[in-house]
Structure formats: C-alpha cells, structure tokens
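Under this note's numbering, residues -15 to 358 are what the sequence shown spells out, in order.
Taking it in order: structure first as structure tokens, then the write-up.
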Amino acid sequence: MKSIPIKLALQRLALVLLVLAFASPVAMAEEITVTDLAGRTVSVQLPAKRIVLAEARQLVSLSLIDRDVARRIVGTAGTRLFDPEARKAYEATFAEFAAAPKLDDDASNLSAEKTIAVEPDLVILSGNIGRDPRSQALADTLTAAGIPAIFIDFRADPYENTVPSLELLGKVLGKEAKARTFLDFYLEHRSRIVERVAGISDRPTVFMEMQANSREQCCMSPSRANLGRFIVEAGGINIGEAVVPGAFGPLSPEYLLAQDPDIYIGTGGRHLASSGGIVAGPGISEEEALSALKTVVARPIISELSAVHKGDAHGLWHNFHNSPLNIVALEVLATWFHPNVFADLDPHATVEEINRRFLPVPFEGAAWISLAKD
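The structure is reproduced here in structure tokens:
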C-alpha cells in the first residue's frame, strides 16, 4: 500500500480541522440586529437556545412557528396568566418546559436577578411593549448584563401588532420561513373578513364585557384597544369605544341600558369558574360554557338587555386577545354580527387547520358559546 507523504497528510489534517472549526456551533452562530415592538434596536445571537418568557402564555404564540420551541425555554414568569388547561397540556408534552424554573408569578415584576441566574441568551417581554417603566428598566438591566431582550405585543394592540410580532419572533428563533407560512394563513383569513365587512353599512351595536363574572361590578369594556378593534373589523359597533378613555374601563349601568346594544359578549376562562363568570377555552365542554353564560346573563343590568332577551348573547375565551389565535376570535365575531354574510365561514374548521398545520399541542375546548335565539 502506498504511503501518504507527511507534508500531504498534514495539509489534509489542517483542512479537516478548518472545516470542523467552521462547523462548530460557536463558529456557526450568527448575530442579527432587529427592531422590537417598543422600537428598540437589539442584537441577538442565532440560534437562540436558552429563552426566558416574561409571560409563560406566549409559548402558544412561539409554538405556531416552531413546534419544538418549548424545549428551548429555561425560565418563565406570569404563570398565573397562562390558561391552566393549556399550560398543563404543554407541560405534559414537553418535559423541558415543565421543568423550567418559574421565575415570578407576576410578569410585570419579573426579577432581573432571577432571570440572569438561568443564563438565557434571549428574553421575550410582552404586555405593555416597553411603555411600563418597570419592564423598560428590566430590559435595560438585561442589556447591561449582555442578555438581549425583545418586546412583542399580542395584547395592547393585537390587530396591528400580531403580524410584526410574529415576523420578529421568526427572526430571533431562526424560523422566518415558518413565520411567513403562518402569516400567509393568518392574513388570508383576515382579509376574507375585512373585504366583506367593507361593503356592510348596517352594523350591530355590541357590548363586550371583559372578564365577565358575578363578583365584580358590571361593566368592564374595551375601548378601541385589545379586542375592541376586533369588534369593529368584524363589522360591529363597539359601544365602549366612544366613552372608555384607556384600553379598558367600566361603563355606567345607565349608559349601557340607554345604549341597549344589539349583541352582548362576555369574555372569560377557566380562572372565572369560582366567581360565577364566563368559562370558555381549552378543556371546557360546551355544557359547562353554556351553563356559565346563562349565569352571567342572569345578573342585574345584563339581564335587562334586549340582546339577552332575544338570545344574541355569547361567551368568548378571554385569552384569544393575547395570541395570534385572535384570528379565530375575528371569525367568530363576524359570524355573530353578520350570520348571513358569513354563512360559509367555519371557525371550527380554522381551529382544526391550525391544530393540523401549526400547533404541537392541539387547541381543544369550547372557546365560544351562544344562547339559543328566540
């Protein structure tokens, strides 16, 4: 057998070592610069492998574009905001997510010290998208410690910010193609509604009671923010928009009764079961959701509304407002407001397609419910 000259062997060895060096994870790391939803410029090393979520419930949003992203989560906060049934399902599916430290129960008070201790390479903040001085201070502290932090938003203005938030997540997760695929689906479904609504002049008045329950005073309403914008885009008139100064605020009983809206919608979830509120969402049966709705609309003031008397009263999962699943809420609202125009629209089929094409943990449960019409 012919021997290889030592010089040639050394050259080949050097070439192999060079290839291995460029193939190593460190060498392959890529730094990108992004602009987050608070307008901050942030540099992030790709791929981000150790992620902290300031709101644990944002796992659902991330999972739409990366089915295995739960395995990258090394810490969460705001666990109480995560729908309990959905959280249990994700913890049962992903051991890494179940084992991730719970850094703080309140997302707005996430500890910088605890966050730094789990050594993340990316922190995802949400909620008030940087306007809250505490969250801004946290982001500044993390940046000073060499940890990139980005703001996303599916809550303050989800109608405008769902698309840029998902585009941003696609970049930092290294999943731009998957983000584009979901956004194409999302925008196709949204435009189908918006284009038809544009030609509708006769629009029903709507009262959406946020977190509707029997313990707290009636009648919390969104303004144009949050789900309030979805009422408008689905072809309704939000009676809270003209009088609520902030994102949310109470309507006076006198104003509500004088307006006597055509449609009543209460939002809620499993967390309101003990307070006689709207119960809808993951793990909820239709019987349970309907029973809760009947309890809510039997309260004083609400029970006097014409919408309740004629059966135009509905319950909706509150957390639709805090993830890209808000597209389902938009479809549901459109079918309630204009059933004839949207007779061919099937929100259940939309959920089934999202489960089949995008989510690693299926979204299952009665997320919306209606009284029987007279």
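Don't be surprised by glycine CBs; every beta carbon is placed ideally from N, CA and C.
Just so we're clear, the structure is a prediction, and the values are computed from it rather than from any experiment.
Below 8 Å, can you find three or more Cβ-Cβ pairs linking the stretch 294 to 309 to the stretch 234 to 252? By the criterion of at least three beta-carbon pairs nearer than 8 Å, the stretch 294 to 309 is in contact with the stretch 234 to 252.
Nearest to Ala22 (by Cα), restricted to the options Glu172, Phe135, Ser205: Minimum Cα distance to Ala22 is reached at Phe135.
Is the Cβ-Cβ distance between Asn222 and Val190 less than 7 Å? Going by C-beta atoms, Asn222 is nearer than 7 Å to Val190.
Could you work out which residue in Asn197, Gly233, Val53, Leu87 is closest to Asn210 when comparing CA atoms only? Measuring from the Cα of Asn210, the nearest candidate turns out to be Gly233.
If I measure Cβ to Cβ from Tyr239 and keep anything under 7 Å in the same chain, skipping five residues before and after, which residues do I get? So the list reads Val227, once near-sequence residues are dropped.
Of the residues Glu69, Val263, Asp67, Ala101, which one's Cα is nearest the Cα of Ile131? If we check each option's Cα against that of Ile131, Ala101 comes out closest.
State yes or no: is the C-beta of Leu274 nearer than 6 Å to some heavy atom of the ligand GTP? Here there are no bound small molecules, and the ligand GTP is not part of this structure.
For Val18 and Leu343, the rounded distance between their alpha carbons: A direct Cα-to-Cα measurement between Leu343 and Val18 gives close to 26 Å.
Asn324 classed as buried or exposed, judged by whether at least 16 other C-beta atoms fall within 10 angstroms: With fewer than 16 other Cβ atoms inside 10 Å of its own Cβ, Asn324 counts as exposed.
Taking all protein chains shown into account, do 16 or more other C-beta atoms lie within 10 angstroms of the C-beta of Gly230, making it buried, or fewer, making it exposed? The residue in question, Gly230, is exposed, as its Cβ has fewer than 16 Cβ neighbours within 10 Å.
Just list the residues that DSSP pairs Pro308 with in beta bridges. Answer is none; Pro308 lacks a bridge partner.
So which of Leu30, Val281, Phe321, Glu80 has the shortest CA-CA distance to Ile184? Closest option to Ile184, Cα to Cα, is Phe321.
Segment contact flag, the stretch 191 to 205 with the stretch 166 to 180, C-beta cutoff 8 Å, min 3 pairs: Under the 8 Å Cβ criterion, the stretch 191 to 205 does not count as touching the stretch 166 to 180, having fewer than three qualifying pairs.
Do the stretch 93 to 100 and the stretch 280 to 300 meet, that is, are 3 or more Cβ pairs less than 8 Å apart? Output reads no: the stretch 280 to 300 does not touch the stretch 93 to 100.
Just tell me which of Gly295, Arg24, Leu46 has its CA closest to the CA of Lys159. By alpha-carbon distance to Lys159, the top candidate from Gly295, Arg24, Leu46 is Leu46.
Would you decide whether Ser269 is buried or exposed? Buried here means 16 or more other CB atoms lie within 10 Å of its CB. Ser269 should be labelled exposed.
Length-filtered (3 minimum) beta strand (DSSP E) runs lying within the stretch 120 to 159: As far as the stretch 120 to 159 is concerned, its whole beta strand (DSSP E) runs of at least 3 residues are 133 to 135.
Going by alpha carbons, who is nearest to Leu37 out of Thr25, Glu336, Leu65? Minimum Cα-Cα distance from Leu37 among the listed residues Thr25, Glu336, Leu65 corresponds to Leu65.
Taking C-alpha atoms, which residue in Tyr170, Ala76, Pro31 lies nearest to Thr362? As shown, the chain starts at -15 and ends at 358. That puts residue 362 outside it, with no answer to give.
With DSSP collapsed to three states, give me the class of Gln201. Of the three classes helix, strand and coil, the one that applies to Gln201 here is coil, per DSSP.
For Thr319, count the other beta carbons within 10 Å of its own beta carbon; 16 or more makes it buried, fewer makes it exposed. Which is it? Buried, since its Cβ has 16 or more Cβ neighbours within 10 Å.
Residue span of the beta strand (DSSP E) that contains Gly59, given as start and end: Counted as a single uninterrupted DSSP element, the beta strand (DSSP E) harbouring Gly59 occupies residues 57 to 61.
Once the 5 residues before and after Asp330 are set aside, which same chain residues still bring their CB inside 6 Å of it? Setting aside the 5 residues that flank it on each side, Asp330 has no residue in the same chain whose C-beta is closer than 6 Å to its C-beta.
Which two residues bound the contiguous beta strand (DSSP E) that contains His322? Unbroken run through His322: none, as it is neither H nor E.
Pairwise C-alpha distance: Val28 and Ala11: Residue placement at Ala11 is poorly supported in this model, since its pLDDT is 43, which falls under 50; the coordinates are not used for a value here.
Could you check the C-alpha separation between Ser8 and Glu103 for me, to the nearest Å? Confidence at Ser8 is low in this model, with a pLDDT of 46, below 50, so its placement is unreliable and the value that follows should be read with caution. Cα-Cα distance, rounded: 21 Å.
For Ile49 and Phe166, I'd like the C-alpha separation in whole angstroms. Distance between the alpha carbons of Ile49 and Phe166: 7 Å.
Segment contact, 8 Å Cβ cut-off, at least three pairs: the stretch 67 to 82 with the stretch 274 to 281: At 8 Å Cβ cutoff, the stretches do not touch.
Beta-ladder partner(s) of Glu14, from DSSP: DSSP output for Glu14 lists Leu30 as bridge partner(s).
Do you know whose CA, among Met192, Glu336, Leu314, Gly349, lies nearest Tyr143's CA? Of the listed residues, the one whose Cα sits closest to Tyr143 is Leu314.
First and last residue of the uninterrupted alpha helix (DSSP H) at Val281: Where Val281 is concerned, the enclosing alpha helix (DSSP H) stretches over 270 to 281.
8 Å Cβ shell around Leu126 - same chain, five flanking residues per side excluded: The beta carbon of Leu126 sits closer than 8 Å to those of Ala96, Thr99, Ile100, Val107, Pro132, Ala133, all from its chain and outside the five residues before and after it, given in chain order.
Secondary structure of Lys373, DSSP reduced to three states: The structure shown does not extend to residue 373, since the chain is modelled only from -15 through 358, so no value can be given for it.
Are Ile247 and Ala291 touching if we call contact CB-CB under 7 Å? In contact: Ile247 and Ala291 (Cβ atoms closer than 7 Å).
Contacts around Val312, its chain only, beta-carbon distance under 8 Å, and the 5 residues preceding and following it disregarded: Counting only Cβ-Cβ distances below 8 Å, and skipping sequence neighbours, we find Phe304, Pro331, Thr334, Val335, Ile338, Ala351.
Could you name the residues of the same chain whose beta carbon sits closer than 7 Å to that of Val0, not counting the 5 residues immediately before and after it, in chain order? Bear in mind that a pLDDT of 46 at Val0, under 50, signals an unreliable position, so the number given afterwards is only what the model happens to contain. Around Val0: no qualifying Cβ.
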